[in-house]
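As structure tokens, the structure follows; a few thoughts come after it.
Number of protein chains: 2
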Amino acid sequence: MLRLSKLTDYAVVVLTRLAQDGAMPGGRVQTAPGLALATGIAEPTVAKVLKILGQAGLVEGVRGARGGYRLTRPLTAMPLSEVILAFDGPIALTACVDGIAGMCEAEQVCPVRGRWDPVNEAIRNAISGITVADLATPLQTCVPVPALNPIVAE
Amino acid sequence: MLRLSKLTDYAVVVLTRLAQDGAMPGGRVQTAPGLALATGIAEPTVAKVLKILGQAGLVEGVRGARGGYRLTRPLTAMPLSEVILAFDGPIALTACVDGIAGMCEAEQVCPVRGRWDPVNEAIRNAISGITVADLATPLQTCVPVPALNPIVAE
DNA sequence: TTCAAAGCGGACTGGATTGGTCCTATTTAA
DNA sequence: TTAAATAGGACCAATCCAGTCCGCTTTGAA
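Listed in order, the protein sequences are those of chains Y and H. Here the first sequence stands for residues 1 to 154, where the numbers follow the numbering used here. Here the second sequence stands for residues 155 to 308, where the numbers follow the numbering used here.
So, in structure tokens, the structure goes:
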């Protein structure tokens, strides 16, 4: 399976939650513990996700007491590719592609060297039009279940 | 990085080599040790790749002395997606997607459940038009380097 | 009839990757 | 001054995968 990191999945959940809570640019912030409660994801993991999202410029952290996180843009302006890039690195299918010339021991006889590029390009194009909002909106109608989950009970 | 198995890469190399050697349907066969020499990939690994390709119906194994492998179809009729399917499983980005309902501990509050489907669909569409021949042909002009590689020397 | 060459299937192991956690420092509102 | 929160880094356990190695079966040729 073409796996991407589990953290990427969490990231979409967290971003969606931030949008639902109105943690938009100029708006109020939402804390990591609060997001952990709301999403059911363990708190340290949420913190890690937010850390990475912050480094990628997708969320903005406000330090100090009453601090928290908010989105830097609406989800409709946030390409999914940026989230994937932050957690999984550049979208490239094989090590052969990103490797430096000379790293591949079969380089001299390998008839496929560099040939995955069109595939990567095709995938990049396919994803390029998708924003985080596209993954979030259809299920916003989902009923919120605040405290039914054992792992969020503390 | 969106990795797929290294074996998938090898598979394309091996398939390409089979085509170059004329190991086509009804044609002669090529042995695993021979392919190992020709590609510079270690023999046990080549054998493993061919095994999987055989189970996927992409190559046909001929057992016994003077046995070997040949393609079941020309590379132009071999979708890359079938190769990926054989080595990496179905093209689906997250565990959330293929997981059975109830496996996800955040299921009840997860607003993204099943939402990767359109992304997977987009990627499947992007790859659907690509055949193994598309990855092989442009570099068929590559000069063959028969015995320059230390790992093929025996 | 025997032998050797080759595919077939499965099991095993070492290494790399990753998910998840924790600790400490820094910032800042009350 | 204190407490709440982010920021950054280090660390550990578990998982996954590439690669190898067995034994078995098949089959053409001597």
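Idealized CB from N, CA, C, for every residue including glycine.
**OP:** Please confirm whether ARG269/H and ALA136/Y have their CB atoms less than 9 Å apart.
**Re:** Along the second sequence, read from residue 1 onward, the residue named residue 269/H stands at position 115. Along the first sequence, read from residue 1 onward, the residue named residue 136/Y stands at position 136. Result yes, Cβ atoms of ARG269/H and ALA136/Y sit closer than 9 Å.
**OP:** Using 10 angstroms around the beta-carbon of GLY129/Y, count the other beta-carbons present and answer buried if the total reaches 16, otherwise exposed.
**Re:** The residue labelled residue 129/Y in the question sits at position 129 within the first sequence. By the 10 Å Cβ count, GLY129/Y comes out exposed.
Original post:
For VAL273/H, which residues in chain Y fall below 9 Å Cβ to Cβ?
Top reply: What you label residue 273/H is simply residue 119 of the second sequence in a count that begins at 1. By Cβ distance, chain Y contributes LEU80, ALA126, ILE127, ILE130, ASP134 and LEU135.
Original post:
When you compare each of LEU7/Y, GLU121/Y, ALA19/Y and ASP134/Y to ASP271/H by their alpha carbons, which one comes out closest?
Top reply: Numbered from its first residue, the second sequence carries residue 271/H at position 117. Checked all of LEU7/Y, GLU121/Y, ALA19/Y and ASP134/Y; the closest Cα to ASP271/H is ASP134/Y.
Subject >> Bounding residues of the beta strand (DSSP E) (the contiguous stretch that carries VAL216/H) >> reply: The count along the second sequence starts at 1 and reaches residue 216/H at position 62. Segment 213-216, the beta strand (DSSP E) holding VAL216/H.
Original post:
Which value, in whole angstroms, describes the spacing of the CA atoms of LEU7/Y and LEU53/Y?
Top reply: On the first sequence, position 7 is the one that residue 7/Y refers to. On the first sequence, position 53 is the one that residue 53/Y refers to. If I take the Cα positions, the gap works out to 10 Å.
Original post:
Can you give the Cα-Cα distance for GLY89/Y and ARG63/Y, rounded to whole angstroms?
Top reply: Mapped onto the first sequence, residue 89/Y falls at position 89. Mapped onto the first sequence, residue 63/Y falls at position 63. GLY89/Y and ARG63/Y: Cα-Cα distance of roughly 27 Å.
Original post:
By how many angstroms is the C-alpha of LYS205/H removed from the C-alpha of ALA196/H?
Top reply: For the purposes of this step, residue 196/H is taken as the residue at position 42 of the second sequence. For the purposes of this step, residue 205/H is taken as the residue at position 51 of the second sequence. Going from the Cα of ALA196/H to the Cα of LYS205/H covers about 14 Å.
Subject >> THR226/H, DSSP secondary structure in three states >> reply: Your numbering for residue 226/H matches position 72 in the second sequence. Coil, per DSSP.
Subject >> the stretch 159-179 of chain H touching the stretch 219-233 of chain H, judged by at least three CB pairs closer than 8 Å >> reply: yes
Original post:
Do you know how far the Cα of PRO44/Y is from the Cα of THR285/H?
Top reply: Here the question's residue 285/H lines up with position 131 in the second sequence. Here the question's residue 44/Y lines up with position 44 in the first sequence. Approximately 44 Å between the Cα atoms of the pair.
Original post:
Based on the DSSP output, what are the partners of GLN174/H in its beta bridges?
Top reply: Taking the first residue of the second sequence as position 1, residue 174/H is located at position 20. As far as DSSP is concerned, GLN174/H takes part in no beta bridge.
Original post:
Helix, strand or coil: which one does DSSP assign to PRO244/H?
Top reply: Here residue 244/H corresponds to residue number 90 of the second sequence, with the count starting at 1. In the structure shown, PRO244/H sits in coil (DSSP, three-state: anything other than H, G, I, E or B).
Subject >> Neighbourhood of ALA38/Y by C-beta, 7 Å cutoff - its chain only, sequence neighbours within 5 removed >> reply: For the purposes of this step, residue 38/Y is taken as the residue at position 38 of the first sequence. ARG17, listed in sequence order.
Original post:
Would DSSP call PRO198/H helix, strand or coil?
Top reply: As a first step, residue 198/H must be located in the second sequence, where it is residue number 44. It is helical.
Original post:
Comparing the C-beta of LEU225/H with each C-beta of chain Y, is any distance below 9 Å?
Top reply: What you label residue 225/H is simply residue 71 of the second sequence in a count that begins at 1. No, no contact with chain Y.
Original post:
Among residues of its own chain, excluding the 5 on either side of VAL203/H, which ones have a beta-carbon nearer than 7 Å to its beta-carbon?
Top reply: Position 49 of the second sequence, counted from the start, is the residue given in the question as residue 203/H. Closer than 7 Å at Cβ, skipping near neighbours: LEU161, TYR164, ALA165 and VAL168.
**OP:** Have a look at ALA219/H and VAL183/H and give me their C-alpha separation to the nearest angstrom.
**Re:** To locate residue 219/H, count along the second sequence from 1; it is residue 65. To locate residue 183/H, count along the second sequence from 1; it is residue 29. If I take the Cα positions, the gap works out to 11 Å.
Subject >> Beta-carbon neighbours of ALA210/H, restricted to chain Y and to distances below 8 Å >> reply: Along the second sequence, read from residue 1 onward, the residue named residue 210/H stands at position 56. Going along chain Y, no residue has its Cβ under 8 Å from ALA210/H, so there is no contact; the nearest lies around 15 Å.
**OP:** Using beta-carbon positions only, say whether ALA32/Y and VAL46/Y come within less than 9 Å of one another.
**Re:** In the first sequence, residue 32/Y corresponds to position 32, counting from 1. In the first sequence, residue 46/Y corresponds to position 46, counting from 1. Contact: yes.
Original post:
Can a CB atom of chain H be found closer than 9 Å to the CB of ASP9/Y?
Top reply: The sequence position of residue 9/Y within the first sequence is 9, counting from 1. Yes - at least one Cβ of chain H is within 9 Å of the one on ASP9/Y.
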